[in-house]
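Numbers in my numbering are just positions in the sequence shown, counted from 1, shifted up by 13. Taking it in order: structure first as structure tokens, then the write-up.
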Amino acid sequence: MTLDKENVKRVFGEAYDIGLAAASSGAVADYIPELAKADPKAFGMYMLDKNGESLSFGDVGVRFSAQSVSKVIVLAAALKFKGFDETFSHVMMEPSGDSFNSILKLDTRSNLPFNPMINAGAIQTVSLLTDEVSFADLMDFARKLCRDDGITVDERVFRSEFMTGDRNRAIGYLLKSKGVLQSDPKRTVDLYFRMCSLSVTAKSLAALGLILANGGVDPISGERLVSEDHARTIKSIMFTCGMYDYSGKYGVRVGVPSKSGVGGGLTCAAKGPMGIGFYGPALDKFGNSKAAVKAMEHISRELKLHVFD
Ligand code: GLU
């Protein structure tokens, strides 16, 4: 797919203005106290394409915690280290239609979590790695997938979530009580918190989107990080489950495999291939960055990036 450079530049410029205007109607997450300190007006947007060309707008260098965007990295790691069959014998791949931290269906409808993009599914997926992969290896993998050696654990966010994350602990122990969790619940949920606390930028999330859009190969270094099959699986699950309980509407309106997090991040694996990364901590009621979603609606519509265009 070839996109006219000037047109792409114009559309991204418009999208930035649209996003900036939308940010003021959202609210930063405050259930993890450290996240409440973010500037609700902050907005950054970065595009990286397969030739290494980029467009950069606003707060692209600001570090913030990946939160649920890390679920993409966790899934990629589980597929890499445990394989497809093993991974999906422990977690399903169905949209839940419930909020990210819901416990409801897990207790009433199924022993296995619905998908790896909700908390229960991510905690379950992490449990496949807790005893098998060192944190240093996971960090190394995250840095490569995001082309960002500056990624570290934001210790303040980690501590804040550690102090307040009892609902996630409840999920861990519920999974254990059902006999499905693959490792110790305490160590697993701590690792889940650590992954959520990885400090990324809009730029790192653009690289993550690009590598997935490019079938798992980093087009700039040439290194394969994710198998083609796994990249397709990850993008499919991002498409159906990546935007919380707004995933259906986003699929229709934007139609680009994407994953958001309550820290305000959004990664998008778009045609081109190109990756688009956002930082906009003011969220809508679903937990998605208000500015980023509005900007992506414009970008996808104008550049015909919907997977079914
Ligand atoms: N660490 C957050 C939590 O578990 C992640 C939520 C999110 O970004 O959706 O509550």
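C-beta atoms are modelled at their ideal positions from N, C-alpha and C, and glycine is treated no differently. All values derive from a computational prediction rather than experimental measurement.
At a cut-off of 7 Å, would you count Q195 as near the ligand GLU, judging by its Cβ distance to the nearest heavy atom? Residue numbering aside, residue 195 sits at position 182 when the sequence shown is read from its first letter. No - the ligand GLU has no heavy atom lying nearer than 7 Å to the Cβ of Q195.
Determine the DSSP secondary structure at M106, reduced to helix, strand or coil. Locating residue 106 in the sequence shown gives position 93, counting from the first residue. Coil at M106, not helix or strand.
Can we count V230 as close to the ligand GLU, meaning its CB is less than 7 Å from some heavy atom? By one-based count along the sequence shown, residue 230 stands at place 217. V230: no, Cβ never under 7 Å from the ligand GLU.
T201: which of E19, E241, N132 sits nearest, CA to CA? If you number the sequence shown from 1, residue 201 lands on position 188. Of the candidates E19, E241, N132, the one whose C-alpha sits nearest the C-alpha of T201 is N132.
What first and last residue would you give for the alpha helix (DSSP H) that runs through K248? Reading the sequence shown from its first residue, position 235 is the one you call residue 248. Where K248 is concerned, the enclosing alpha helix (DSSP H) stretches over 241–254.
Rounded separation between F321 and V269 - CA only: Along the sequence shown, read from residue 1 onward, the residue named residue 321 stands at position 308. Along the sequence shown, read from residue 1 onward, the residue named residue 269 stands at position 256. One C-alpha to the other measures close to 9 Å.
Indicate the three-state DSSP secondary structure (helix, strand or coil) for Y44 in the structure shown. Counted from its first residue, the sequence shown places residue 44 at position 31. Reduced to three states, the DSSP call for Y44 is coil.
Between the Cα of L204 and the Cα atoms of T138, I164, L296, A28, which residue gives the shortest distance? As a first step, residue 204 is located in the sequence shown; it is residue number 191 there, counting from the start. Residue T138 is the option with its Cα nearest to L204.
Could you give the distance in angstroms between the alpha-carbon of A226 and the alpha-carbon of K284? Looking up residue 226 in the sequence shown gives position 213. Looking up residue 284 in the sequence shown gives position 271. Near 7 Å, if we compare the C-alpha coordinates of K284 and A226.
Note down, in chain order, each residue of its chain lying with its Cβ closer than 7 Å to the Cβ of S67, except the 5 sequence neighbours on either side. Working through the sequence shown from its first residue, we reach residue 67 at position 54. Excluding sequence neighbours, S67 sits near Y59, M60, L61.
Within a Cβ cutoff of 8 Å, which residues of the same chain sit near P108, ignoring the five residues on either side of it in sequence? Start at 1 with the first residue of the sequence shown, and residue 108 comes out as number 95. Same-chain partners within the cutoff: F127, N128, T253, C254, S260, G261.
Beta-carbon spacing of F166, S112 below 8 Å: Translated into the one-based positions of the sequence shown, residue 166 becomes position 153. Translated into the one-based positions of the sequence shown, residue 112 becomes position 99. Reading the sequence as shown, one finds Val at residue 166 and not Phe. No, the pair does not count as a contact, with Cβ atoms beyond the cut-off.
Going by Cα to Cα distance, which pick from G32, R237, I247, D144 is closest to P53? Counting from one through the sequence shown, the residue named residue 53 turns up at place 40. Residue G32 is the option with its Cα nearest to P53.
What are the boundary residues of the beta strand (DSSP E) that includes G278? Counting from 1 along the sequence shown, the entry for residue 278 is found at position 265. Unbroken beta strand (DSSP E) run through G278: 278–283.
Apart from the five residues just before and just after E315, which ones in its own chain have a Cβ nearer than 7 Å to its Cβ? Reading the sequence shown from its first residue, position 302 is the one you call residue 315. The residues are V24.
Does DSSP put S81 in a helix, a strand or coil? Here residue 81 refers to the residue found at position 68 when the sequence shown is read from its first residue. Helix at S81.
Extent of the continuous alpha helix (DSSP H) run through L33: On the sequence shown, residue 33 is found 20 positions in, with the first residue counted as 1. 18–36 is the extent of the alpha helix (DSSP H) around L33.
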